[in-house]
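*Asks:* Structure below; questions to follow.
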Amino acid sequence: MSDMIDADLVDLDLSAGTKEAAARALAERMAARGRVTDLEGFLADVAAREAQMPTGLDGGIGIPHCRSEHVTEPTLAFGRSARGIDFGAADGPADLVFLIAAPAGADDAHLTILSSLARQLMNAEFTDALRAVDDPARAAALIRGEDQAAGAEGPVEPASAGDEDSVAAPAAASAGAATAPTAGEPEQPAAPERPFRIVAVTSCPTGIAHTYMAAESLENAGREEGVEIVVETQGSAGFERLDPAVIEAADGVILAHDVPVREKDRFAGKPTVDTGVKAAVNRPGELIGEVRAKAARGETTAAAGSAGPDGATPVERGGEPGEGYGTKLRKWLMSGVSYMVPFVAAGGLLIALGFAIGGYEIDKAPSVTDHFAWAQADSWAALFFQIGGVAFAFLVPVLAGYIAYGMADRPGLVPGFVGGSIALTVNAGFLGGLAAGLISGAVVLAVQRVRIPKALRGIMPVVVIPLISAAVVGFLMFVVIGKPIASAQEAMTDWLDGLSGANAVLLGALLGLMMCFDLGGPVNKVAYTFATAGIAVSDPSDSAMKIMAAVMAAGMVPPLAMALATTVRARLFNAAERENGKAAWVLGASFISEGAIPFAAADPLRVIPSSMVGGAVTGALSMAFDATLRAPHGGIFVVPLIGNPLLYLVAVAAGVCVTTALVIVLKGLRKQARDSAVQAAGDADPSTAAPGAKQPVTA
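Residues are numbered in this note's numbering as their position in the sequence shown, beginning at 1, plus a constant of 34.
This is the structure we're talking about:
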């Protein structure tokens, strides 16, 4: 740790008011030391990690972190804020902020050191000492583990974990007495029972901080509860598998993760609590209680390779307990869409590139397997077009397969892909893929709930579940629901082809509203998926290409509008927003709606409605101008492939101007209202004073 932090990387008077500003202040110290080569690029990586999951922890700690190609060596910066900074923790703002920067290829040794810091943050003496220290060099030494005395000098005793948990101490003590291995207690009539044993897995998207903090939190809670707990941390430095004998002897399992657990089948057949990694950091005692209660009731997972308890999976269990089926359904569908989108982008852009080189007649070119000439542009165009067509052919099977995966984990993949392929065979298309995915997941979950002898569990995920589920899903898709869905798909296509005039404009406005409602969220993805499904065929209709054009145009509006607003009225935005505005130019031009998220998060009541109005204007104008688009992505970089490109750009510009104007007006009104309130507060008492009287000074 000695080379990771020193006094120059410590700010004991961090004045930042937002998490973005705090990250920038600490990152600037890293850049000054040559540890960060591109400040803006690194901050973008930090923001992207923060968007995955807030990095605030209970106890007043913020731990923004990421792996980035703009970091030269593992580095840690520390800041202490007097007023606190909101990092999304449930108990309020953070006064201790640790910015962890790891290179994209950081070695295991450095990541292990960083993980030890993460574990230290669960130690109250360590954090109390950091709150008391008044010298940057000593703070750095304390973090490096070189100043052990600092922990003793800080105000540790009044805020120790033992004092906070004094109410629970008797219960913990009694639990420890009941399970102690000594046999000399007079109240024990027989040899004591062994402690309850738990194995756990923790993992987070970055695998640097929360993974190890959750492990430390679970281990501490286990000691307090008199429970034996062994944790496998699946972090960036890899993971050391738990001994199979330890897993076999365990009475329960806790899976605290935000990415899929590797080799999850090892824990099948045991009482299991499956939750997010932050739950293990913030409420480990509750998780231990949950798994003990499940063990007492005899609730176990069904078989090797099955989903989590009660069918929960890495995708489904992303929220808190008590989620409704509507929320679960949305997550299942988003699982399929998220895996499908890369195929859409790769296939669509390759097809678009083929058209750009060889013209729209390239779709009639013979197979390049037998007719490829290295020196002919048409051959390359045909090659790109045919590769893109192959990628597009995976859309529906991938959609169905990963919807089923979201419901039932890996056992859902086989019936999902089979059902999706059958949907293409019977011309059920996108709607057929949705149905096949949901049916496949449901069939697998039903099979997993059947009680089977323990001796047969080993062949369930490899033979029995794929065989039964694929047969059932295939029967339903071929014989029962495939043809009705194909008819519905055909009817929808005919309806879209028949849209014209006012109806087409209204559809464009609706799609524009959806694209700008949550900026890359579920509603945005529904509109985008609807558009891409229409062009994911060898010969898309004119209406389908108009819809795709309207959707992409509307999605470009919010970030471009925020970029323009920060340029035209910079005083209405803080320094962090003005910096984000510079990046939003590129993001918006590239059709990345998420570029407006920092603005929407800071001021949703003004930014989101304004964006929706501008998106609706752009979507409607794009449809009215009969603009078409064969590529599902690309922004301004695929303008040469757009039908009526000049009018298309006019539609985008109109929406950007509308959104910009609304944001500026609404933010200006808020500023006026705030200034008026301050003025009124200052004039309230002095207004009755005699002319010339000395006025009181207000803060």
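Beta carbons: idealized from backbone N, C-alpha and C, even for Gly.
1. ASN316: buried (16+ other C-beta within 10 angstroms of its C-beta) or exposed?
2. Mind checking which residues open and close the alpha helix (DSSP H) that includes SER251?
3. Which whole-angstrom value is the C-beta distance of LEU252 and ILE263, which I expect to be below 8 Å?
4. Sort SER644, ALA650, ILE670 and ALA688 by Cα distance to LYS701 and report the nearest one.
5. Helix or strand or just coil, what does DSSP make of ARG640?
6. What runs of the alpha helix (DSSP H), each 4 residues or longer, lie entirely inside the stretch 530 to 579?
7. Just to confirm my understanding: we take MET548, look at its own chain, exclude 5 residues before and 5 after, and list those with CB closer than 7 Å. What are they?
8. Between which two residues does the beta strand (DSSP E) containing ARG178 stretch?
9. Got a sec, what are the start and stop residues for the beta strand (DSSP E) THR236 sits in?
10. For TRP366, count neighbouring C-beta atoms within 10 Å of its own C-beta (all shown protein chains included) and say buried if the count is 16 or more, exposed if not.
11. Output yes or no for whether 9 Å exceeds the beta carbon distance between GLY332 and THR306.
12. Is it buried or exposed, PHE509, if we count other Cβ atoms within 10 angstroms and call 16 or more buried?
13. Which residues mark the beginning and the end of the beta strand (DSSP E) in which LEU46 is found?
14. Classify ILE281 as helix, strand or coil using the three-state DSSP reduction.
15. Taking DSSP as the reference, what is the three-state secondary structure of ARG101?
16. Going by CA-CA distance only, name the one from ALA610, LYS304, ASN678 and LEU703 that's closest to ALA59.
17. If you draw a straight line from the C-alpha of GLU227 to the C-alpha of GLY260, how long is it?
18. Looking at the unbroken alpha helix (DSSP H) that takes in SER503, where does it start and where does it end?
19. DSSP beta-bridge partners for ALA135?
20. In the structure shown, what three-state DSSP assignment does SER34 receive?
21. Is VAL673 helix, strand or coil by DSSP?
22. Can we say the stretch 415 to 424 touches the stretch 381 to 400, given the rule of at least three CB pairs closer than 8 Å?
23. Suppose contacts are defined by Cβ-Cβ distances below 9 Å. Is ALA425 in contact with GLY471 by that definition?
24. Figure out for me which residue from LYS298, VAL233 and ALA567 has the closest Cα to the Cα of GLY381.
25. Is the distance from the Cβ of SER503 to the Cβ of VAL448 below 9 Å?
26. Pairing CB atoms from the stretch 107 to 122 with CB atoms from the stretch 650 to 657, are three or more of them under 8 Å?
27. When you compare the stretch 279 to 298 with the stretch 310 to 329, are there three or more beta-carbon pairs, one atom per stretch, that lie closer than 8 Å?
28. For GLY126, which three-state DSSP category applies?
29. Closer than 7 Å by C-beta to ALA599: which residues in its own chain qualify, once you throw out the five before and the five after it? Chain order, please.
30. Buried or exposed: which applies to PRO376, given that a residue is buried once 16 or more other Cβ atoms fall within 10 Å of its Cβ?
31. Measuring straight from C-alpha to C-alpha, what distance separates SER208 and GLU258?
32. Would you kindly report the start and end of the unbroken beta strand (DSSP E) that includes GLU262?
33. Just how far apart, CA to CA, sit ALA283 and ARG231?
34. With distances taken between CB atoms, is the gap from ILE473 to PHE512 smaller than 9 Å?
35. Relative to the C-alpha of VAL514, which candidate in MET526, GLY453, ASN254 and ASP552 has its C-alpha closest?
36. Do LEU73 and ALA65 count as a contact pair if the criterion is CB distance below 9 Å?
*Replies:* Let me lay it out:
1. As a first step, residue 316 must be located in the sequence shown, where it is residue number 282. Buried.
2. By 1-based counting over the sequence shown, the position of residue 251 is 217. Start and end: 244 to 259.
3. Taking the sequence shown and counting its residues from 1, one reaches residue 252 at position 218. Taking the sequence shown and counting its residues from 1, one reaches residue 263 at position 229. Confirmed, Cβ separation roughly 6 Å.
4. On the sequence shown, position 667 is the one that residue 701 refers to. If we check each option's Cα against that of LYS701, SER644 comes out closest.
5. Taking the sequence shown and counting its residues from 1, one reaches residue 640 at position 606. The answer is helix: DSSP assigns ARG640 an H, G or I state.
6. If we require 4 residues or more, the alpha helix (DSSP H) runs fully inside the stretch 530 to 579 come out as 535 to 551 and 556 to 569.
7. Position 514 of the sequence shown, counted from the first residue, corresponds to residue 548. Only VAL557, ASN558, VAL560 and ALA561 meet the Cβ criterion.
8. Position 144 of the sequence shown, counting from 1, holds the residue named residue 178. Here ARG178 belongs to no beta strand (DSSP E); instead the alpha helix (DSSP H) covers 170 to 178.
9. Counted from its first residue, the sequence shown places residue 236 at position 202. Where THR236 is concerned, the enclosing beta strand (DSSP E) stretches over 231 to 237.
10. Here residue 366 corresponds to residue number 332 of the sequence shown, with the count starting at 1. Residue burial is scored here from C-beta neighbours: TRP366 has at least 16 other C-beta atoms within 10 angstroms and is therefore classed as buried.
11. Along the sequence shown, read from residue 1 onward, the residue named residue 332 stands at position 298. Along the sequence shown, read from residue 1 onward, the residue named residue 306 stands at position 272. No, they are not a contact pair.
12. One-based indexing of the sequence shown puts residue 509 at position 475. So PHE509 ends up on the exposed side.
13. For the purposes of this step, residue 46 is taken as the residue at position 12 of the sequence shown. Annotation: the continuous beta strand (DSSP E) that includes LEU46 extends over 44 to 48.
14. Counting from 1 along the sequence shown, the entry for residue 281 is found at position 247. In this structure, ILE281 counts as helix in the three-state DSSP scheme.
15. Position 67 of the sequence shown, counted from the first residue, corresponds to residue 101. Taken through DSSP and simplified to helix, strand or coil, ARG101 comes out as strand.
16. Translated into the one-based positions of the sequence shown, residue 59 becomes position 25. Of ALA610, LYS304, ASN678 and LEU703, the residue nearest in Cα terms is ALA610.
17. Translated into the one-based positions of the sequence shown, residue 227 becomes position 193. Translated into the one-based positions of the sequence shown, residue 260 becomes position 226. Pairing GLU227 with GLY260, the inter-Cα distance amounts to about 12 Å.
18. The residue you call residue 503 lines up with position 469 of the sequence shown. Run containing SER503: 499 to 509, per the alpha helix (DSSP H) assignment.
19. Here the question's residue 135 lines up with position 101 in the sequence shown. Bridge partners of ALA135: CYS100 and THR109.
20. Summary: the structure shown does not reach residue 34, with the chain confined to residues 35 through 733, and so no result is reported for it.
21. Indexing the sequence shown from 1 puts residue 673 at position 639. Three-state DSSP puts VAL673 in a helix.
22. With contact defined as three or more Cβ pairs closer than 8 Å, the stretch 415 to 424 and the stretch 381 to 400 are in contact.
23. Mapped onto the sequence shown, residue 425 falls at position 391. Mapped onto the sequence shown, residue 471 falls at position 437. The answer is no: Cβ separation not under 9 Å.
24. The count along the sequence shown starts at 1 and reaches residue 381 at position 347. When each option's Cα is compared against that of GLY381, the closest is ALA567.
25. In the sequence shown, residue 503 corresponds to position 469, counting from 1. In the sequence shown, residue 448 corresponds to position 414, counting from 1. In terms of Cβ geometry, SER503 and VAL448 form a close pair [threshold 9 Å].
26. Counting C-beta pairs closer than 8 Å gives fewer than three between the stretch 107 to 122 and the stretch 650 to 657, which falls short of the contact rule.
27. Contact between the stretch 279 to 298 and the stretch 310 to 329 is present, because at least three Cβ pairs lie under 8 Å.
28. Position 92 of the sequence shown, counted from the first residue, corresponds to residue 126. Three-state DSSP puts GLY126 in coil, outside helix and strand.
29. As a first step, residue 599 is located in the sequence shown; it is residue number 565 there, counting from the start. Closer than 7 Å at Cβ, skipping near neighbours: THR694, VAL697 and ILE698.
30. Locating residue 376 in the sequence shown gives position 342, counting from the first residue. Counting Cβ neighbours within 10 Å, PRO376 comes out exposed, since fewer than 16 surround it.
31. Taking the sequence shown and counting its residues from 1, the one referred to as residue 208 is at position 174. Taking the sequence shown and counting its residues from 1, the one referred to as residue 258 is at position 224. Here the model assigns SER208 a pLDDT of 37, short of 50, so the residue's position is not dependable, and the following value carries that caveat. Roughly 10 Å separates the two Cα atoms.
32. The residue labelled residue 262 in the question sits at position 228 within the sequence shown. GLU262 -> beta strand (DSSP E) spans 262 to 267.
33. For this step, residue 283 is matched to residue 249 along the sequence shown. For this step, residue 231 is matched to residue 197 along the sequence shown. Whole-angstrom Cα-Cα distance: 7 Å.
34. Walking along the sequence shown from the start, residue 473 turns up at place 439. Walking along the sequence shown from the start, residue 512 turns up at place 478. Between ILE473 and PHE512, the C-beta spacing is not below 9 Å.
35. Translated into positions along the sequence shown, residue 514 becomes position 480. Nearest option by C-alpha distance: GLY453.
36. Translated into the one-based positions of the sequence shown, residue 65 becomes position 31. Translated into the one-based positions of the sequence shown, residue 73 becomes position 39. Yes, the pair counts as a contact, with Cβ atoms nearer than the cut-off.
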